[in-house]
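Here the working numbering runs 321 ahead of the position in the sequence shown, where the first position is 1.
Think of the CB as a built atom: it goes at the ideal place given N, C-alpha and C, for glycine as much as any other residue.
Since the structure is predicted, the reported quantities are computational estimates derived from the model, not experimental observations.
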Amino acid sequence: MPVVTMKQLLEAGVHFGHRTQRWNPKMKPYIYGARKGIYIIDLQKTVKLLDEAYDFVRDVASRGGTILFVGTKKQAQMVVKKEAERCGGFYVNNRWLGGLLTNFQTIQTRIQKLKELEEMEMNGELDKLPKKEQSKLRKTLEKLRKNLGGVKNMKGLPDVVFIVDPRKEKIAVQEANYLKIPIVAMVDTNCDPDPIDYVIPSNDDAIRAIALITSKIADAYLEGREGVPYSPESVAESTEIPEEIEITVSEDLDEEEI
C-alpha cells in the first residue's frame with residue numbers, strides 16, 4: 322500500500338511546481354504538464370518515489386542509523402523542528418553552517434560551548450556575571466542555539482540526510498555528497514535532481530506540502546526504530562491526475578519563491 326494517497330498529495334498542493342520559465346530541464350521526467358504557466362508535478366511518480374524513500378529511511382533506522390533533517394527556508398523551519406523531534410532525529414532549521422558535516426570535529430567544539438553556556442544558564446552562573454559580560458554570553462548562547470540546537474546531541478555523522486529544497490541547501494548537499502551520506506530530498510521543478518539519492522518530486526514552497534512529506538519521512542524513521550508499521554488511511558483514491566487542476570498560487574510567496 323502506498324505511504325500517501327493521491328488525494329492527500331493534491332490537497333497539500335504537492336503537485337504545484339514553479340513557473341515554466343524557472344525550471345531545471347533535468348526535472349522533465351517528473352513533470353506531468355503545465356497549467357497557466359506553472360509546471361504540474363507527476364504525482365504518480367511522487368507516490369512511487371516517496372514509497373522508495375520511506376523504505377530506505379525505515380531500513381536505516383532499523384539498523385540503528387541516524388537521520389538529519391535540513392530545511393532553513395521560512396516555510397520549512399517549524400515543520401523540520403517538529404518532525405525531527407517527534408521521531409528522534411536531528412535538525413538544522415535556521416542556517417547551515419559550512420563544515421557542519423565535512424568539518425564535524427570543529428563543529429563539535431562549538432556544540433560543547435553551547436552545552437557549557439546552557440549549563441551556566443541552568444545553574445544560575447550567568448546571572449552572577451557582570452551585566453556586560455552576561456549580555457555578551459547570552460547573545461552567543463542564543464546564536465548557538467539557533468544554529469546548533471538541533472544537532473547538539475549528534476555524536477557523529479548522520480546515516481541519511483533529508484532535505485527540503487536542495488537548491489537552497491546546496492552546501493548541505495555538497496557536504497553530504499562529498500562524504501557519501503545518502504540524501505533524501507523534496508525536489509521541485511527548479512532543482513537539479515542529480516546529486517540526490519532519493520528524489521521526491523514535490524512542491525517545496527507550500528507549508529502543507531512540506532508538512533506532509535516531512536511527516537512521512539519521520540514516520541518511516543519511527544517505524545524503523547520501533548518496528549511498528551504505520552497505519553495508512555484508505556488508499557482507494559484514483560491514481561490519475563485530474564484533467565483540469567485549479568491553479569492556486571499562495572499569495573504569501575513572492576515571484577522568486579513560486
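Fill in: Between the CA atoms of residue 521 and residue 438 - distance to the nearest angstrom
39 Å
Fill in: Continuous alpha helix (DSSP H) assignments of at least 4 residues falling wholly in the region 410-475
425-443, 446-449, 452-469
Worksheet item: By Cβ distance, which residues of its chain are closer than 7 Å to residue 329, with the 5 residues on each side in sequence left out?
Response: 533
Worksheet entry | Proximity of residue 410 and residue 542 at Cβ, strictly below 8 Å | yes
Discussion item. Quick check: what's the CA-CA separation for residue 335 versus residue 469?
Written reply: 30 Å
Worksheet item: DSSP state of residue 368, grouped into three classes?
Response: helix
Fill in: residue 354 - DSSP class collapsed to helix/strand/coil
strand
Fill in: Minimum C-alpha distance to residue 415 - residue among 322, 472, 482
472
Worksheet item: Tell me, which residues are paired with residue 360 by DSSP?
Response: 355
Discussion item. Looking at the ligand ADP, does it come within less than 7 Å of residue 452, judged from the CB to the closest heavy atom?
Written reply: The ligand ADP is absent from the structure shown, which contains no ligands of any kind.
Worksheet item: With DSSP run on the structure shown, which of helix, strand or coil describes residue 556?
Response: Here residue 556 scores only 36 on pLDDT, less than 50, and its place in the model is too uncertain to base an answer on.
Worksheet item: Going by the beta-carbon positions, is the gap between residue 502 and residue 378 smaller than 8 Å?
Response: no
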